[in-house]
Amino acid sequence: MLVIAPDADPTRSICIIVLKNKRDRHFLYLSMSSSKLTVCGVCEYRNINKPSVVWCSECDEGLCEECKDHHAASRGSRNHSIVPVSEYQNLPSGILEITQICPTHDDKYVIFCKKHDTPCCRRCVTETHNDCKEIDVIDDVIKNVKSSNAFLEIEHSLAELSENLQRIREDRQENIKSLIENRAKIEKEVQQTRILINNHLDKLQETLMKELYVAEEKESTKIKNIISSIQEKERKISESQTTFDKIKQHASDLQTFLTLKHIQRDVTNNEQFLESLIKEEKINHACISWKIENAVEIIPTTIKKMGIITLDTRSCDATLTNRKNKQAQIMMPITHIPTIDDIKLTLRQTVNSIGSDVNDCTLLPDGRIIFSCYGNAKIHVIKPDGTLDFTLEPEFSPSHIFYIDESQILVVTSGYYNVAFQLSISKTEKLRNRLMLGRTIME
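Counting in our numbering, the sequence shown runs from 159 upward without gaps.
Next comes the structure, spelled out in structure tokens:
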């Protein structure tokens, strides 16, 4: 919306442009920024219109040839870094919007607040960051930022992400190729098998083929969706790399520093994307196979299915490179599960059992050992040194025993009576209860 308002001077009017649309406001801002880049700021201040040839990020304005020489000779600006306007305009629009001036107070940034992760001018510090303790001079923070470890790390991470995404995409494409080969092989086998049987299998073959194509299409669609996501990630990473190269050459230290944080978030999101692919098993290698019915070759008229289409998955063959952790494989690590052959026994102590017909034993937490003697209906408790502590003589022949640590109760079964008893482990024997056939008889 355009509004013409009268000015105090009757010979002139003021033009006010009101833009309600955010996109239009952004376009106007970019247009103003473009004009700012192409016009010498010093001459414009003097109401002189001269094209700029270089850009000074410290002064945040363009300079013509004449002002460029004065700028280079002035004590306050001779150490400023300048770049040709044509090269500076190659920076992405989002980076060009980053300036040295605080938009709230129209003052130059001098402090960086680590707590809020934002640059501040002097008034910002006194108004909103007065209680912040982690603040540094912004010149110290952005000094040598392009040669800093964080800058180099993000550069390597972008290259690494691009490489990893390419590897996964190629692996998924190879999976689609193998699925097609699997399908072709199975189809050929089905056709060969079909020759050996009669026309009764026509409908069964059609059903099986539908399952095969549905399985292939379903899995291929999943993989294509993943590939589409990966290609989108690759595109964004490529844009980040292009942006990175441009800010590496032309952006100011502040622009570079603030842009690094945005790129770092993108890098982190993409790393999480890769981890989610592994964690959610979305990149497991899919393989279609089928199993022929055994009865097909013997009794063709009795079978109801020609075969079964199965979809098997295995860990993919692609590997991820990771500079931080040397190298991590996309395939989930295979944990070795010990078997009985891996168990090595070491003799720690020899205990001479007391009594005859020992049927079972158990070890108490304090190191004592309990032996059940079925023949003489006794339970012997042996000390850790191998000597007898005491003997329990229940009113039944003990078979198997088990100690419950929480309640300090010994559960004893008697095979002859087909019951289980609970006993207290003490020198004074006490029968707690008797369990039989799913019901408890308290005694």
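Positions of the beta carbon are idealized from the N, C-alpha and C atoms, including for glycine.
These numbers come from a predicted model, not from an experiment.
Check	Outcome
Could you spell out the range, first to last residue, of the beta strand (DSSP E) harbouring G533?	Where G533 is concerned, there is no enclosing beta strand (DSSP E), given that its DSSP letter is neither H nor E.
DSSP three-state call for F402: helix, strand or coil?	helix
Would you mind reading off the limits of the alpha helix (DSSP H) that contains A476?	Run containing A476: none; DSSP gives neither H nor E here.
Compute the Euclidean distance between the alpha carbons of D226 and V211, then round it to the nearest angstrom.	Checking the sequence shown, residue 226 turns out to be Lys, not Asp. For K226 and V211, the distance between alpha carbons rounds to 8 angstroms.
Roughly how many whole angstroms lie between the Cα atoms of I528 and S565?	17 angstroms
Taking the alpha-carbon of L478 as reference, which of F270, E328, V372 has the nearest alpha-carbon?	E328
Nearest to K419 by alpha carbon, out of E311, K208, L195?	E311
D424 lies in the alpha helix (DSSP H); which residues open and close that run?	411–437
Looking at C-beta atoms only, is the number of pairs between the stretch 401–420 and the stretch 332–341 that lie closer than 8 angstroms three or more?	no
Report the partner residues of D294 according to the DSSP bridge assignment.	F270
May I ask you to report which of helix, strand or coil DSSP gives G199?	helix
Using C-beta distances below 8 angstroms, list every residue in its chain close to T471, excluding the 5 sequence neighbours before and after it, in chain order.	E439, N442, H443, A444, C445
When burial is assigned at 16 or more other CB atoms within 10 Å of the CB, is N357 buried or exposed?	exposed
Using a Cβ-Cβ cutoff of less than 8 angstroms, which residues in the same chain neighbour P242 once the five nearest sequence positions on both sides are dropped?	V211, V212, W213
Could you say which of H263, D289, D264 lies nearest to K273 if we only look at CA atoms?	D289
Compare the C-alpha of E359 against each of K376, T400, E292, K462 and name the closest.	The sequence given here places Leu at residue 359; Glu does not occur at that position. The shortest Cα separation from L359 among K376, T400, E292, K462 belongs to K462.
By Cβ distance, which residues of its chain are closer than 6 angstroms to T549, with the 5 residues on each side in sequence left out?	K536, H538
Helix, strand or coil: which one does DSSP assign to V516?	strand
Under the rule that 16 or more other beta-carbon atoms within 10 Å means buried, what is S189, buried or exposed?	The predicted model places S189 with a pLDDT of 42, which falls under 50 and marks its position as unreliable; any figure quoted below should be read in that light. Flag for S189 reads exposed.
Do the CB positions of F309 and D294 come within less than 8 angstroms of each other?	no
Near L249, what residues of its chain come up, given a Cβ to Cβ distance below 7 angstroms and the 5 sequence neighbours on each side ignored?	K404, I405, H408, A409
Mind checking whether Y561 and L522 have CB atoms under 8 angstroms apart?	yes
Tell me, please, whether the stretch 312–331 touches the stretch 424–432 by the rule of three or more beta-carbon pairs shorter than 8 angstroms.	yes
To the nearest whole angstrom, what separates the beta carbons of G465 and L366, a pair I think is in contact under 8 angstroms?	5 angstroms
Is the separation between the beta-carbon of C217 and that of K208 shorter than 8 angstroms?	no
So, for I450: in the same chain, excluding its five sequence neighbours on each side, which residues have a beta-carbon less than 7 angstroms away from its beta-carbon?	T351, G465
Based on the DSSP output, what are the partners of V539 in its beta bridges?	I528, F548
Assuming D329 is part of the alpha helix (DSSP H), what are its boundary residues?	307–354
Can the beta-carbon of L469 be found less than 8 angstroms from the beta-carbon of A373?	yes
How would you label Y532, buried or exposed, when you count the other beta carbons within 10 angstroms and need 16 or more for buried?	buried
Could you give the distance in angstroms between the alpha-carbon of F402 and the alpha-carbon of I421?	9 angstroms
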